[in-house]
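Going by our numbering, the sequence shown opens with residue 4, and the numbers climb by one from there. Glycine included, each C-beta is placed from N, C-alpha and C at the ideal position. Since we're looking at a predicted model, the values are computed, not measured.
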Amino acid sequence: MKKAALVIAIVFFTFWGLWIIAIPERFISDFINDSLKKYSISIDSEGLEKGVFYSIRIKNVKINNLDNTLILIIHNLKAGINFTSFLKLSPGIDFKCNIEKGKVNGNIGFKKGVGLVARIKGSVIDIGDLPGVGRLFGIGGTGDIDFDLLKKNKQSEIKFSLSDAKIIGFGLIPLDMFKKARGELVEENGLITIKSLVMEGDGIYARVKGYIRKNERNVNIEVMVNSSSDINPSYLAVLEKFKVSPGYYVIK
């Protein structure tokens with residue numbers, strides 16, 4: 004038992020010494036960037052510092068697509084090895100950061116038989132601070148979003164809620180009618196499945212289900228409008244051709 008403890012101690016301090024002395028910050032930055040290229044993203048970091056026990060701190064990180072279009076900017080990133088995960092033979096890294104006023108924390112690692120596994124949670128993040136999301140869905144504006152993202156190998160599942168929204172955009176219906184939303188989406192191999200999406204505004208309520216793959220879309224939208232609502236008449240005119248019954252519309 005004493006010999007085993009001694010061996011573990013020697014291995015730990017050997018790697019700790021390599022981390023402190025032999026691994027420069029530039030190597031860490033290049034390693035992260037090279038690892039992310041297979042996901043078609045790159046990063047520009049500012050103020051990267053090593054911590055004592057296999058941890059890093061980065062003041063600002065700009066995350067881009069490979070064509071250099073901005074996805075998002077994060078601040079005060081702190082990340083480090085989760086030593087318990089190594090004992091479970093599922094090595095992982097814990098991290099936390101800010102997206103302007105919003106907060107994000109999570110864990111990214113590898114699990115035998117599954118591959119990449121990540122659990123990321125965010126709270127009070129202004130959708131206006133997520134330019135990559137805006138481009139993906141063709142929307143802009145503001146609104147506080149909370150989310151819980153679970154990724155297992157090639158599949159990603161996200162549950163989210165949006166409040167105090169002022170969305171700019173016009174899909175099948177004018178989005179600025181809605182002030183809050185909640186939903187659950189699954190993405191795998193480029194296919195986005197809308198398991199549930201509910202949007203609410205003053206006197207209007209919508210339910211959305213279906214799927215999206217690049218330019219292919221199969222989405223069903225149910226819209227319910229309260230007869231006493233003060234929705235812009237021009238919006239109601241847009242909905243009129245989808246009318247099923249008074250106050251009820253179905254868009255396919």
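Going by C-alpha to C-alpha distance, which of the options sits closest to residue i?
{"i": "residue 62", "options": "202, 53, 182, 70", "result": "53"}
{"i": "residue 224", "options": "237, 247, 86", "result": "247"}
{"i": "residue 47", "options": "206, 55, 69", "result": "69"}
{"i": "residue 192", "options": "163, 165, 207, 157", "result": "157"}
{"i": "residue 147", "options": "71, 195, 104, 56", "result": "104"}
{"i": "residue 209", "options": "125, 133, 121, 181", "result": "181"}
{"i": "residue 253", "options": "226, 230, 233, 231", "result": "226"}
{"i": "residue 233", "options": "137, 218, 205, 73", "result": "205"}
{"i": "residue 59", "options": "244, 185, 235, 29", "result": "29"}
Tell me which residues share the same chain as residue i and place their Cβ nearer than 6 Å to its Cβ, disregarding the 5 neighbours each side in the sequence.
{"i": "residue 144", "result": "169, 170, 171"}
{"i": "residue 228", "result": "207, 250"}
{"i": "residue 131", "result": "145"}
{"i": "residue 162", "result": "151, 187"}
{"i": "residue 160", "result": "153, 189"}
{"i": "residue 137", "result": "143"}
{"i": "residue 196", "result": "189, 214"}
For residue i, I'd like the list of residues in its chain whose CB is within less than 8 Å of its CB, leaving aside the five on either flank, ordered along the chain.
{"i": "residue 12", "result": "Bear in mind that the predicted position of residue 12 carries a pLDDT of just 45, short of 50, making it unreliable; the figure below should be weighed with that in mind. There are no such residues."}
{"i": "residue 16", "result": "With a pLDDT of 45 at residue 16, under the threshold of 50, the modelled position of that residue is not reliable, and no figure is offered here."}
{"i": "residue 7", "result": "Because residue 7 carries a pLDDT of 45, less than 50, the predicted location of this residue cannot be relied on, and no value is offered for it."}
{"i": "residue 39", "result": "45, 46"}
Is the beta carbon of residue i less than 8 Å from the beta carbon of residue j?
{"i": "residue 127", "j": "residue 154", "result": "no"}
{"i": "residue 95", "j": "residue 79", "result": "no"}
{"i": "residue 109", "j": "residue 88", "result": "no"}
{"i": "residue 190", "j": "residue 198", "result": "no"}
{"i": "residue 67", "j": "residue 102", "result": "no"}
{"i": "residue 81", "j": "residue 98", "result": "yes"}
{"i": "residue 139", "j": "residue 75", "result": "no"}
{"i": "residue 150", "j": "residue 118", "result": "no"}
{"i": "residue 178", "j": "residue 142", "result": "yes"}
Keeping to the same chain, check which residues put their C-beta closer than 7 Å to that of residue i; ignore five residues upstream and five downstream.
{"i": "residue 183", "result": "165, 166, 168, 203"}
{"i": "residue 25", "result": "Annotation note: pLDDT 48 at residue 25 (below 50); position unreliable, coordinate value reported separately. None."}
{"i": "residue 221", "result": "213, 214"}
{"i": "residue 14", "result": "Low confidence applies to residue 14: its pLDDT is 49, below 50, so where it sits in the model is not reliable enough to give any reading."}
{"i": "residue 123", "result": "107, 109, 152"}
{"i": "residue 114", "result": "93, 120"}
{"i": "residue 49", "result": "62, 63"}
What does residue i pair with, by DSSP beta-bridge criteria?
{"i": "residue 208", "result": "203, 227"}
{"i": "residue 298", "result": "Within the shown structure, residues of the chain are numbered from 4 to 255, placing residue 298 beyond reach of any answer."}
{"i": "residue 263", "result": "Residue 263 falls outside the range modelled here, since the chain spans only 4 to 255, and no answer is possible."}
{"i": "residue 58", "result": "83"}
{"i": "residue 122", "result": "110, 153"}
{"i": "residue 101", "result": "78, 106"}
{"i": "residue 147", "result": "129, 166"}
For the segment 236 to 247 against the segment 212 to 221, are there 3 or more C-beta pairs whose distance is under 8 Å? These segments do not touch.
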